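Heads up, the thing below is written out as structure tokens.
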Amino acid sequence: MASPMLVAPARRGRARRTARDWIADILIFLLASVVTLALSMMLWTDPAVPPPVALADQVVGALACAALWLRRRWPAGLALALVPFGTFSLVVAAAVCVAVFTVVVYRPFRIAGPVVALHLLTTLPYTVLRPDPDLSFWGGLLVSALLFAVLVAWGLFARARRQLVLSLRERVERAEVEAALREERARSAERERIAREMHDVLAHRISLLSLYAGGIEYRPDAPPEQIHRAAATIRAGAHQALEDLREVIGVLRGGAAEAEPERPQPTLADVRGLVEECREAGMRITLTMPGWPGEPPGGLGRNAYRIVQEGLTNARKHAPEAPVGVCLSGGAGEGLTVEVRNALSAGPPARAVRSVAVHVGDAPASGNGLGRAGLPGSGTGLIGLAERVGLAGGRLEHGPFGGDFRLLVWLPWPA
């Protein structure tokens, strides 16, 4: 595990020592203590060193070894605190080497460089005060410089390795976070797709059921066979809506591998059946397909079908008695244009069921039942339609146009 001291100060905190840190610190402390004890024994056997000096040197060496437990928290401070003792004490040599190595490993060069330079300068007074009988003055300086060079090289190597491990760990963590974000975006996109499908399919079917039910309520005196036919249509539509809902809930509950294969999705060729279904519900629809554009790719055909479905649903909700015009044109290379137009209706919502009531009976009824409430809108149809068109790379326009309400969509159709 890379040490938290390699991280920028703003990001590091009071990190606890890991088991590996404890093992390393104990081994370093024991090694430094053994070296310090050996150097202390050398002092006692040297007749040139007075006993009080040897005793003071031993005390300084013991305190320096004990201070090594602070090297992780204050590496530069510990190294600077040992600088004065390095000018005259031989016993602190082990603690000085550990402190210099720690600074090089855990601190950048702008901090470690001056600290190493200070300790290198202490070799000048030390060599004067305690000359080595086997080496000359310049020989002692060269040996000390080589020792510090080895410590610096070893520390830089350890620092580079730790930084590499830390960067690899950060990359792994970043990759895991990015993978989680991609998965969440994919789930969100799938939820949005399911929500659009639920709105497009269920809103269309339930609005038809509402019209048929309103027609039966509006004409309770219709012949039994006509009421039976309308009730059968309601039952079939409700069953189909439940199947759609069950399929969506199955996708939401299970994973992609557990989900059952989806039923065939509607295409552009199914628009005629959709129009006929709405005509049976009493809507007056004119379908125009100049120069039948042919069957586009599956995704494009499904989008066109859903656009027409949403346009007819909105017309049925907001202008139930107004005639509707549906026009599909275009082709490969020029794109597919879908236009749904209906006259702006200012009439009361009570008329919403009259066009269906003519399929149930001929005599008017006194009450209007559901017609008073009309067909409520969710307000999200055009929003979901805009998202669908945007994902397909198309353009959407809607609003009043020449006394009508026009829904105009252009979808790209590759050549």
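Numbered per the working numbering, the sequence shown spans residues 323 to 737. Heads up, the beta-carbon is just placed ideally off N, CA and C, and yes, glycines get one too. Quick caveat: nothing in here was measured; it's all calculated off a predicted structure.
Which of helix, strand or coil DSSP assigns to residue i
{"i": "LEU404", "result": "coil"}
{"i": "THR608", "result": "strand"}
{"i": "LEU457", "result": "coil"}
{"i": "PHE410", "result": "coil"}
{"i": "PRO736", "result": "coil"}
{"i": "GLU719", "result": "strand"}
{"i": "THR444", "result": "coil"}
{"i": "GLU617", "result": "coil"}
{"i": "THR659", "result": "strand"}
{"i": "ASP543", "result": "coil"}
{"i": "LEU729", "result": "strand"}
{"i": "GLY652", "result": "strand"}
{"i": "ALA644", "result": "coil"}
{"i": "ALA665", "result": "strand"}
{"i": "ARG395", "result": "coil"}
{"i": "ARG339", "result": "coil"}
{"i": "THR358", "result": "helix"}
{"i": "ARG429", "result": "coil"}
{"i": "GLY724", "result": "coil"}
{"i": "GLN485", "result": "helix"}
{"i": "ALA603", "result": "coil"}
{"i": "GLN562", "result": "helix"}
Rounded straight-line distance, which links the Cα of residue j to that of residue i
{"i": "PHE479", "j": "SER411", "result": "29 Å"}
{"i": "LEU463", "j": "LEU402", "result": "20 Å"}
{"i": "ARG769", "j": "CYS649", "result": "Outside the displayed span of the chain (323 to 737) sits residue 769, for which this structure offers no information."}
{"i": "GLY272", "j": "ARG728", "result": "Here the chain covers residues 323 to 737 and nothing more, so residue 272 does not appear."}
{"i": "LEU564", "j": "LEU531", "result": "13 Å"}
{"i": "ARG452", "j": "LEU490", "result": "47 Å"}
{"i": "ASP592", "j": "ALA626", "result": "10 Å"}
{"i": "GLY691", "j": "GLU547", "result": "Note that GLY691 scores 35 on pLDDT, short of 50, meaning its location in the model is unreliable and no value can be drawn from it."}
{"i": "PHE723", "j": "GLU514", "result": "30 Å"}
{"i": "SER355", "j": "SER362", "result": "10 Å"}
{"i": "ILE607", "j": "SER651", "result": "17 Å"}
{"i": "ALA471", "j": "ARG504", "result": "49 Å"}
{"i": "ALA501", "j": "GLU512", "result": "16 Å"}
{"i": "GLY621", "j": "ARG710", "result": "11 Å"}
{"i": "VAL487", "j": "LEU349", "result": "22 Å"}
{"i": "VAL494", "j": "TRP732", "result": "44 Å"}
{"i": "VAL427", "j": "GLN485", "result": "10 Å"}
{"i": "GLY708", "j": "ALA553", "result": "Checking the sequence shown, residue 708 turns out to be Ala, not Gly. Roughly 35 Å separates the two Cα atoms."}
{"i": "LEU590", "j": "HIS561", "result": "24 Å"}
{"i": "GLU617", "j": "MET611", "result": "12 Å"}
{"i": "MET364", "j": "LEU469", "result": "20 Å"}
{"i": "SER529", "j": "SER510", "result": "27 Å"}
{"i": "GLU492", "j": "GLU498", "result": "10 Å"}
{"i": "VAL381", "j": "ARG496", "result": "50 Å"}
{"i": "ASP454", "j": "ASP379", "result": "17 Å"}
{"i": "ALA603", "j": "ARG594", "result": "14 Å"}
Contact check, residue i vs residue j, beta carbons under 9 Å
{"i": "THR358", "j": "ALA341", "result": "no"}
{"i": "MET605", "j": "ARG638", "result": "yes"}
{"i": "VAL425", "j": "GLY383", "result": "no"}
{"i": "VAL474", "j": "VAL422", "result": "yes"}
{"i": "GLY623", "j": "PRO734", "result": "no"}
{"i": "THR757", "j": "HIS526", "result": "Look at the range of the chain in this structure, 323 to 737, and you will see that residue 757 is not part of it."}
{"i": "PRO588", "j": "PRO736", "result": "no"}
{"i": "GLN631", "j": "LEU596", "result": "yes"}
{"i": "PRO373", "j": "TRP366", "result": "yes"}
{"i": "ARG393", "j": "ARG339", "result": "no"}
{"i": "GLY725", "j": "ALA517", "result": "no"}
{"i": "ALA389", "j": "LEU400", "result": "yes"}
Contacting residues, own chain, Cβ-Cβ under 8 Å from residue i (five flanking each side not counted)
{"i": "TRP391", "result": "ASP347, PHE351"}
{"i": "LEU567", "result": "MET520, LEU524"}
{"i": "GLY655", "result": "TRP735, PRO736, ALA737"}
{"i": "ARG507", "result": "none"}
Chain-order list of residues whose beta-carbon lies under 7 Å from that of residue i (same chain, five-residue window excluded)
{"i": "GLY408", "result": "VAL414, VAL418, HIS441, THR444, TYR448"}
{"i": "VAL405", "result": "LEU440, HIS441, THR444"}
{"i": "ALA398", "result": "VAL425, ARG429, ILE433, VAL437"}
{"i": "LEU704", "result": "HIS720"}
CB contact check: residue i to chain B, cutoff 9 Å
{"i": "LEU729", "result": "No chain B is part of this structure, which consists of one protein chain only."}
Residue i beta carbon near the ligand FMN (any heavy atom closer than 8 Å)
{"i": "PRO545", "result": "Annotation note on the ligand FMN: not contained in the displayed structure, which lists no ligands."}
Contacting residues, own chain, Cβ-Cβ under 6 Å from residue i (five flanking each side not counted)
{"i": "ALA416", "result": "ALA354, VAL357, THR358"}
{"i": "SER466", "result": "THR445"}
{"i": "GLY633", "result": "VAL662, LEU729"}
Counting Cβ pairs, one atom from each stretch, are 3 or more of them under 8 Å apart for the region 641-649 and the region 701-717?
-> Counting Cβ pairs under 8 Å, fewer than three are found: no touch.
Answer yes if the region 428-435 comes into contact with the region 454-472, meaning at least three C-beta pairs across the two stretches below 8 Å, and no otherwise.
-> A contact between stretches requires three or more CB pairs, one per stretch, nearer than 8 Å, and the region 454-472 fails this requirement with the region 428-435.
Between the region 657-665 and the region 552-563, do three or more beta carbon pairs fall short of 8 Å?
-> The region 657-665 makes no contact with the region 552-563, as fewer than three CB pairs between them are under 8 Å.
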